[in-house]
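Encoded as structure tokens, the structure appears first; notes follow it.
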Amino acid sequence: MFALPMFLLFIAFRFGPSIAGVLLSFFDYEITGALEFKGIDNFKRLVSDERFWDAMRVTLTYAVLAVPLVLVTSLAMALSVRRRFRGVAFFRSVFFLPVVTSLVLAGTVFVWVFSSGGPVSVISEWMGGSGESWLNSRVLVIPALVLVGVWSRFGYGMLILLAALQEVPRELEEAAMMDGANSWRRFWAVVFPQLKPSLFFLAIIETTGSFQVFDLIYTMTQGGPARGSYTLVYMIYDQGFKYYDFGYASALGVALFVLTLIIAFVQRKVLGDKK
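The structure is reproduced here in structure tokens:
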């Protein structure tokens, strides 16, 4: 009974809009409130829309680069602060700080970092590069966004994996050490299997977050240059709040949901287990 009010609010404000969005994808909805049933016309338009496939490619490219990098960085940072040493609490706090930093503020700062004349361009010139802004290059804009995304997300993954590492029985590692296993063998045979549930959870969370990246793109690139960072979520925003084509934007949202579900299923087969 105590949980019921919160459960009803959750149904009303989470599942309600989601169901409404799916239903809206079958309609032509104008800002005036006029509704016209279109059936699957919005989805037919989606399949033949080159911008949709461009946005799909950009979204998948971002996710393929960002998710493994976040997982590896999170695991490396968790292992580095696993042991107790002087100042470990300070390093844990510093590593987690980007998670609670406003992405809009961070994006504004990184626009300067990656601009021509910024630190990254200056270092690139020293190394013989062109020194152009990464955000003005179709080739470099996604790596730039990935680096900022990893910086903003790895602290959360580090926290989850650090908690999992602290649950690994020390006796298992000590037994492997007595059997002559080196540090890499102990990690791969003893520690890593214990982390699989946490890694699976993080893989799902980070994949969903990568598919839904919006703040950084809106702040740093606005989908440019030449749609080089035009993701599905930014296309949904464009269609819904720039062109007021809410039915088509809802169809794009359904497509994004199905894509996320398929990737999550694949990850479940690769990383998950019956537990």
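When we follow this note's numbering, the leftmost residue of the sequence shown carries the number 43, and every step to the right adds one. Note that the Cβ used here is the ideal one computed from N, Cα and C, for glycine as well. What you are looking at is a predicted structure, and each value in this text was computed from that prediction instead of being measured.
Environment of residue i [buried if 16+ CB atoms lie within 10 Å]
i: Ile184; result: buried
i: Glu209; result: exposed
i: Tyr286; result: exposed
i: Asn84; result: buried
i: Met200; result: buried
i: Leu145; result: buried
i: Glu248; result: buried
i: Trp168; result: exposed
i: Trp176; result: buried
Reduced DSSP category for residue i - H, G, I as helix; E, B as strand; rest coil
i: Tyr290; result: helix
i: Gln309; result: helix
i: Thr249; result: helix
i: Thr261; result: helix
i: Tyr279; result: helix
i: Ser163; result: helix
i: Leu182; result: coil
i: Gly63; result: helix
i: Thr150; result: helix
i: Lys284; result: coil
i: Pro267; result: coil
i: Glu174; result: coil
i: Tyr198; result: helix
DSSP beta-bridge partners of residue i
i: Phe79; result: Phe69
query = Whole alpha helix (DSSP H) runs in the stretch 86-120 with 4 or more residues, listed along the chain?
reply = List check, alpha helix (DSSP H) in window: nothing returned.
query = With a cut-off of 8 Å, do at least 3 Cβ pairs link the stretch 264-282 to the stretch 129-136?
reply = Not touching, per the Cβ criterion.
key: At least 3 beta-carbon pairs within less than 8 Å: the stretch 181-200 vs the stretch 107-115   = Judged by Cβ distances under 8 Å, the stretch 181-200 makes contact with the stretch 107-115, as three or more pairs qualify.
inquiry  = Tell me whether the stretch 46-64 and the stretch 289-298 touch, counting them as touching only if at least three CB pairs, one residue from each stretch, are closer than 8 Å.
reply    = With a cut-off of 8 Å, the stretch 289-298 and the stretch 46-64 count as touching, because enough Cβ pairs lie within range.
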